[in-house]
Amino acid sequence: MGEPTEIQRGDAGRADTADGGGSEAATADAGRLPDGATRAVQSRPAALRNRFREQRRSPARPRIWFELALIGISYWIYSIVRNAVPEQEAIAQKHARWIWELEQHLGIAVERSVNHAVDGVGWLITGMNYYYATLHFIITIGVLVWLYRSHPGRYVAARTVLFVTTLIALVGFYSFPLAPPRLMTDGGFIDTVKTHGTWGSFASGPAAHVSNMYAAMPSMHIGWSMWCGLAIFFLARRKWVRALGLMYPAATLLVIVSTANHFWMDAVGGEICLAVGFLAARWLYHEWVYKLPQVPARETAADQPVTVPEQWSEPAVSTARR
20 MGEPTEIQRG
30 DAGRADTADG
40 GGSEAATADA
50 GRLPDGATRA
60 VQSRPAALRN
70 RFREQRRSPA
80 RPRIWFELAL
90 IGISYWIYSI
100 VRNAVPEQEA
110 IAQKHARWIW
120 ELEQHLGIAV
130 ERSVNHAVDG
140 VGWLITGMNY
150 YYATLHFIIT
160 IGVLVWLYRS
170 HPGRYVAART
180 VLFVTTLIAL
190 VGFYSFPLAP
200 PRLMTDGGFI
210 DTVKTHGTWG
220 SFASGPAAHV
230 SNMYAAMPSM
240 HIGWSMWCGL
250 AIFFLARRKW
260 VRALGLMYPA
270 ATLLVIVSTA
280 NHFWMDAVGG
290 EICLAVGFLA
300 ARWLYHEWVY
310 KLPQVPARET
320 AADQPVTVPE
330 QWSEPAVSTA
340 RR
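Residue numbers (the numbering used here): 20 to 341.
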């Protein structure tokens, strides 16, 4: 009477053991805890497994210094690999003719008509040249910053999608060199950057010698713009902003075709890379990116008040009354 429950169980366990057959009973009895109590002690492997499981289902808040370093190093590696791919012009031209003939066979080879039509509107094609050169980076970085600030629980998974997408694209650049339409031999396309004297293409003008001109498949302008558009559409609050999110990849598709930087099939390749990126994140985090909690679950749990079973406080209350 009046002794702590844990001591009583320990005495009972020792008595059972002394009787010669109480090891199983002691083990089972030791596994029981008072109502409302939780087991605070875990083995190290179990604790690591639980922590890893929690991190997969609710990634921790990203750290700004780590993210900046990761993005900088990743883009540096991306640029080196992309531009170091052997510029196999003959193979790239062969692949371009094969893509063009395939699109003609499918009845979707309208890139040349669009390119010539838009090139006739000087202000429009000039704007598209600058769009192609700038928004690809500006909007992608802007969406990353927005996710970091407003959706820290989803940022890491979304960033993983973008990185996997880009990694697969590098494999495509290496294994399938492809000349863009404007560089096709006898393709009949217009290089709008050269024609209108604008800047914006590392494969045109003086910058051409430091860039791989035949890394057109897949199109990362489409892969990245769709990544941005989906994030905005699923996570933005205002309807008009969500609508802009859907319009952005559509506008990018029009731009890459009008400027003769990509075929339709390059855009399809970019979407396939993005789909693989989403599937990889789904496997890694056990949930689709946009269904993860907006704020890491562990931070939400830390904000909740700590409660204990009501019966635990009864002795203290009765003693205070005495």
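Ideal placement from N, C-alpha and C gives every residue a C-beta, glycine not left out.
Just so we're clear, the structure is a prediction, and the values are computed from it rather than from any experiment.
Taken atom to atom, the span from the alpha-carbon of residue 116 to that of residue 261 is near 38 Å. The C-beta distance from residue 170 to residue 313 rounds to 5 Å, short enough to meet the 8 Å contact threshold. For residue 234, the secondary structure class from DSSP, reduced to helix, strand or coil, is strand. The three-state secondary structure of residue 273, taken from DSSP, is helix. Annotated three-state conformation of residue 197 is strand, per DSSP. Around the beta carbon of residue 187, 16 or more other beta carbons sit within 10 angstroms, so the residue counts as buried. The stretch 243-252 and the stretch 124-135 do not touch, with fewer than three beta-carbon pairs separated by less than 8 Å. If you check the CB distance, residue 161 and residue 238 do not come in under 8 Å. A contact between stretches requires three or more CB pairs, one per stretch, nearer than 8 Å, and the stretch 177-185 fails this requirement with the stretch 255-273. The residues 196, 197, 198, 233, in chain order, have a CB closer than 7 Å to that of residue 111 in the same chain once the five nearest residues on each side in sequence are set aside. Comparing alpha-carbon positions, the option among 97, 165, 200, 90 lying closest to residue 118 turns out to be 200. Pairing residue 279 with residue 210 gives a Cβ-Cβ distance under 8 Å. Residue 193 and residue 101 have their C-alpha atoms spaced approximately 8 Å apart.
Listed in chain order, the non-local C-beta contacts of residue 204 below 7 Å within the same chain comprise 112, local neighbours out to five positions each way being set aside. Assignment of residue 311 by DSSP, reduced to helix, strand and coil, places it in the coil class. For the pair residue 158 and residue 217, the Cα-to-Cα distance works out to about 21 Å. For residue 134, the enclosing alpha helix (DSSP H) starts and ends at 130-138.
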